[in-house]
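Residue numbers (the UniProt record's numbering): 1 to 108.
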């Protein structure tokens with residue numbers, strides 16, 4: 001039917017919670033979830049190891065507001081989609097989007 005389903009882990013993940021969050025990501029990957037929306041940079045960095053086929057979406061709560069942050073999310077964390085903070089101007093959005101042409105950039 002053409003629908004996509006995403007799992008959202010839009011919280012900070014504390015060290016004592018990381019193993020459970022990783023297991024949740026593995027289960028999401030096994031279930032065929034279309035992507036995981038993540039706030040926590042530590043969890044995002046672990047996803048390449050624990051659920052390498054699960055597309056990462058960098059949440060607006062990751063607070064990406066400049067080109068360096070976008071490049072870090074895209075190239076270091078492997079985010080396929082980056083959701084920018086709301087406070088940016090159109091010129092800022094254009095500049096950030098140009099910095100990561102390989103990545104889908106969203107703003108709302």
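All C-beta atoms in this analysis are idealised placements derived from N, C-alpha and C, irrespective of residue type, glycine included.
Item, Value
"Ordered along the chain, which non-local residues of its own chain (more than five positions away) have a Cβ less than 6 angstroms from that of residue 74?", "100, 103"
"When DSSP labels each residue in this structure, what does residue 41 get in the three-state scheme?", "helix"
"Is it right to say residue 40 is buried, meaning 16 or more other beta carbons lie within 10 angstroms of its own, or is it exposed?", "buried"
"Any contact of the stretch 7–22 with the stretch 41–52, i.e. 3+ C-beta pairs under 8 angstroms?", "yes"
"Going by alpha carbons, who is nearest to residue 67 out of 97, 35, 59?", "97"
"Strictly by DSSP, which residues pair up with residue 106?", "83"
"Take residue 90 as the anchor and find which of 77, 80, 106, 52 has the nearest alpha-carbon.", "106"
"At what residues does the beta strand (DSSP E) containing residue 51 begin and finish?", "Taken as a continuous stretch (DSSP letters only), residue 51 belongs to no beta strand (DSSP E), as it is neither H nor E."
"Check residue 77 in the structure and name its three-state DSSP category.", "coil"
"Report, in whole angstroms, the separation of the C-beta atoms of residue 35 and residue 55, which I expect to be a contact under 8 angstroms.", "4 angstroms"
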